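Sequential numbering of the sequence shown, starting at 0, is according to numbering that gives the first Met the number 0. Cβ coordinates follow ideal geometry from the N, Cα and C atoms, glycine included. Owing to the predicted nature of the structure, the values given are computational and were not obtained by experimental measurement. Here's the structure, in structure tokens; my notes come after.
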Amino acid sequence: MATAGRQYGKQSADERRAARRARMLEAGLDAFGGPQGFRGTTIEALCTAAGVSTRNFYEEFGSREALLVALHDELNERATAAVVTALAAVEPLDLHARAHAACSAYLEVMTSDRRWARVALVETVGVSPEAEAARQAAIDRFVALIELEAARLVEAGLLPDRDHHLTAVALAGALLGLVNTWRTDTAWDARVPAVADEAARLIVLALTAP
């Protein structure tokens, strides 16, 4: 214990705050992504689980909703970054390979932990205008990513030159639906690679349709 105390004493104020924030995020993930969900979790319970004071909590997040949105945004930012990284490593003119790489990267992040999926797909719905705005912003970013990829492939002559916005919206919704089905059915755990294959085929068919 003395050693831990000395190690703690060597931390800067910023390091201590970052450590508290990480514990609060983990406590929020456990609570909001667990059976009790967002609505069944109090700030006091979150603080107890994270080992922080209510003052620490309010200084960092201000509300339960803000913690929920922070978790939602973290997952979606990781998923988007994974897709961008995957696309950067694939042959730029191979439509199916790019669709498969993007789907695999997205699903790998989104199906990494059912707690994350519940937070992103269930607990943020209808909580507050701020949470709804964050949820819609994440969908809009993913739609924009699909549209950007489609526009690049149109320019390369690999896709028909048409408005792909509605297609991108439909594809984003389909991918979220697949993740939600995985979230509710543990039998799907072994099927994630096959789901990526099917999602890639869907994307290719949808984008290449005249």
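Quick one, are the C-beta atoms of residue i and residue j less than 8 Å apart?
i      : j      : result
Val118 : Leu74  : yes
Thr207 : Leu165 : no
Arg140 : Val108 : no
Val51  : Arg15  : no
For residue i, I'd like the list of residues in its chain whose CB is within less than 7 Å of its CB, leaving aside the five on either flank, ordered along the chain.
i      : result
Asp160 : Val153
Ala1   : The pLDDT assigned to Ala1 is 38, lower than 50, so where the model puts this residue is not dependable; a value taken from the coordinates is nonetheless given after this. Correct list: empty, nothing qualifies.
Since I believe residue j is in contact with residue i (beta carbons under 8 Å), could you give me their beta-carbon distance rounded to a whole number of angstroms?
i      : j     : result
Arg63  : Thr40 : 7 Å
Ala130 : Val68 : 6 Å
Could you name the residues of the same chain whose beta carbon sits closer than 8 Å to that of residue i, not counting the 5 residues immediately before and after it, in chain order?
i      : result
Ala3   : Bear in mind that a pLDDT of 43 at Ala3, under 50, signals an unreliable position, so the model cannot answer this.
Arg5   : With a pLDDT of 43 at Arg5, under the threshold of 50, the predicted position of this residue should be treated as unreliable, though the coordinate-derived value follows. Counting only Cβ-Cβ distances below 8 Å, and skipping sequence neighbours, we find nothing.
Ser111 : none
Ala85  : Ala100, Ala101, Ser103 and Ala104
Ala195 : His99, Cys102, Ser103 and Leu106
Once you ignore the five residues that flank residue i on each side, which residues in its own chain have a CB closer than 6 Å to its CB?
i      : result
Val142 : Ala167, Val168 and Ala171
Ala98  : Ala199, Ile202 and Val203
Ala49  : Arg22, Met23 and Ala26
Gly36  : Glu122
Report the option in the options whose CA atom is closest to the CA atom of residue i.
i      : options                         : result
Thr79  : Leu144, Asp162 and Gly61        : Leu144
Arg113 : Arg190, Ser11, Thr183 and Thr53 : Thr183
Looking at chain C, is there any beta carbon in it that lies within less than 8 Å of the beta carbon of residue i?
i     : result
Ala49 : The displayed structure is made up of one protein chain only, and chain C is not part of it.
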